[in-house]
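Asks:
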Amino acid sequence: MNLIKHKKSMSLMAMLLVVFLCVPSIIKISHALNGHKSTKCFQVGKLHMHEVELDCVFHDFNLSPLCSTPIVFIPAPLVIDTPSKITYHYTFLSKYQKLHFALRAPPHNFVAF
720 MNLIKHKKSM
730 SLMAMLLVVF
740 LCVPSIIKIS
750 HALNGHKSTK
760 CFQVGKLHMH
770 EVELDCVFHD
780 FNLSPLCSTP
790 IVFIPAPLVI
800 DTPSKITYHY
810 TFLSKYQKLH
820 FALRAPPHNF
830 VAF
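So the sequence shown is residues 720 to 832, counted in this note's numbering.
#1: How far does the alpha helix (DSSP H) with Val742 in it extend, from its first residue to its last?
#2: Tell me the rounded alpha-carbon separation between Val771 and Val791.
#3: Taking a contact to mean a Cβ-Cβ separation below 8 Å, would you say His750 touches Cys760 in this structure?
#4: Measuring only the C-alpha atoms, how far is Ile746 from Ala733?
#5: In whole angstroms, what separates the C-alpha of Ala795 from that of Cys741?
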């Protein structure tokens, strides 16, 4: 029984939250659809002024915060991987393997004077 009451109260709170969040949007939409009275001016060629509507509630609900903090980008630390074993030049070669540099000799057609 207690669980059912808890679920009902949570669903009621969720519906109220949705209604409270949608009220500013509903007011702005209703103002956009039928907010201002627009009258056509038929007095051509005569200098005249039209009535200004000063009681406009369109900007009464500001949806953006007044005081916003800038977003600060914090870069991730740079991680450099260092090898655990340093292998030097040609340490991976076998001593008994025929290598291309073991058979070096002077060129075949070299003539010494």
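Built from N, CA and C at the ideal position, the CB exists for glycine as well.
Replies: Put simply:
#1: Asn721 to Asn753
#2: Going from the Cα of Val771 to the Cα of Val791 covers about 44 Å.
#3: Inclusion of His750 and Cys760 in the CB contact set at 8 Å is not warranted, their separation being larger than that value.
#4: Cα-Cα distance, rounded: 21 Å.
#5: 39 Å
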